[in-house]
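The structure under discussion appears below in the form of structure tokens.
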Amino acid sequence: MDGLLSLFDFEAAAQRRVSHAAWARISGGAADELTLRWNHEAYEKIRLKPRALVDVSNLDTRVTLFGQELPFPILLAPTGGQKFVHSEGELAAARGGAAAKATYVISSSASMRVEDIARTATGPVWFQLYVQRDRGFTRDLVQRAEDSGCRALCVTVDSPTFGARNREDRAKGDLPERELPNLKGKDYLDPTLTWKDIDWLRSFARRPVLLKGILNPDDAATAVKAGVAGIIVSNHGARNLDTVPATIDALPLVVDRVAGRMPVLVDGGVRRGTDVLKALALGAAAVQIGRPYLWGLGVAGAEGVERVVEILRHEFELAMMLAGRPAIGGIDRSVLW
Ligand SMILES: Cc1cc2nc3c(=O)[nH]c(=O)nc-3n(C[C@H](O)[C@H](O)[C@H](O)COP(=O)(O)O)c2cc1C
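Every number in this note's numbering is 39 more than the matching position in the sequence shown, counting from 1.
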């Protein structure tokens, strides 16, 4: 890993390491991949406004989310099928995340059992849920995740179906059949899912319920009314509906609507410490990264994941210092030009 200094260095190295089909799967987006491009490009367009002559010798990057203290506001987003990227799959990713002190969100479409992943992670884990058509099965799955120690449930609400994943589908022939030990069958998305199912989930969940995949401020307002613990502004890494806006462009509208009534997280296109700073400036409580840690996993297993998180965390600390904002509480819209 010597010489891999940025997340983009890991991207290039991963592309050389993993198979063509696995690469198409982890890097591809939906259709023409316009949103995929915009997700990061939108960060590039935001300019920073540093403040000079501030004592930044003591940095405090801690945040508290749902009663859990995170040493820095970066989590590992749920991504399914990690065995395609590395033979140790989710076990390696969870170990790497824990080594770097980042909370790892276990995907319900993981290629390994939630119990095994949670046991291997020596740090905090959350669980991402695809509600299954079989609600009894779904309830059992939630309970398995809770019993395994998952501290929060992220219900994915942006996927009544998958998008037109042309790049992935073109290359798919070369990939082995997907293993989905936590789900009921291959056809695991439920297009009938509505707000009443969120009420149902909340009726028995013993952990904070977050909605993952909110873009529309009106939905954010409904989420507040529904009493969920938090939301994640996400466009599913641009894998579902192409031409929706970049998540960082949707974030401030959602944050304004939520008006501090619950934490708002964001994911999509976060690649630099300055991106983390910008997301927090626009009101995110924390960010998640998806593809970047899969690049780390592909390059060097658990150690690659750990290194990717360390690089991003370090860059975020540099950005805080150079912007003259030594505390998370001081990162607001005044840090934007
Ligand atoms: C290969 C891959 C698999 C994913 N699998 C899931 C999943 O199982 N559940 C889910 O809610 N989101 C899934 N996502 C979306 C991520 O959780 C996250 O929203 C997205 O990757 C963030 O964007 P980024 O990759 O630009 O950081 C997946 C993303 C990728 C790239």
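A virtual CB, placed ideally from N, CA and C, is assigned to each residue, including glycine.
Would you call the CB atoms of residue 248 and residue 272 closer than 9 Å? no
Between the Cα of residue 72 and those of 275, 342 and 374, spot the shortest distance and give me the residue it belongs to. 275
For a quick check, are the C-beta atoms of residue 348 and residue 141 less than 9 Å apart? yes
Let me know the secondary structure DSSP gives residue 23 once reduced to three states. Outside the modelled stretch of the chain, which goes from 40 to 376, sits residue 23, for which no answer is possible.
Since residue 143 is in the alpha helix (DSSP H), which residue starts that stretch and which ends it? Segment 143-145 is the beta strand (DSSP E) holding residue 143; no alpha helix (DSSP H) there.
What is the C-beta distance between residue 61 and residue 341, in whole angstroms, given that I count them as a contact (C-beta under 8 Å)? Not a contact, Cβ separation roughly 18 Å.
Extent of the continuous alpha helix (DSSP H) run through residue 316: 312-320
Taking 8 Å as the cut-off, is the beta-carbon of residue 327 closer than that to any non-hydrogen atom of ligand 1? yes
Tell me the rounded alpha-carbon separation between residue 327 and residue 214. 27 Å
Using only CA atoms, which one of 159, 163 and 127 lies nearest to residue 144? 163
Residue 123: buried (16+ other C-beta within 10 angstroms of its C-beta) or exposed? buried
C-beta atoms of residue 8 and residue 67 nearer than 9 Å: With the chain covering 40 to 376 only, the question about residue 8 has no answer from this structure.
Applying the 10 Å Cβ sphere with the 16-neighbour rule, what's the burial state of residue 146? buried
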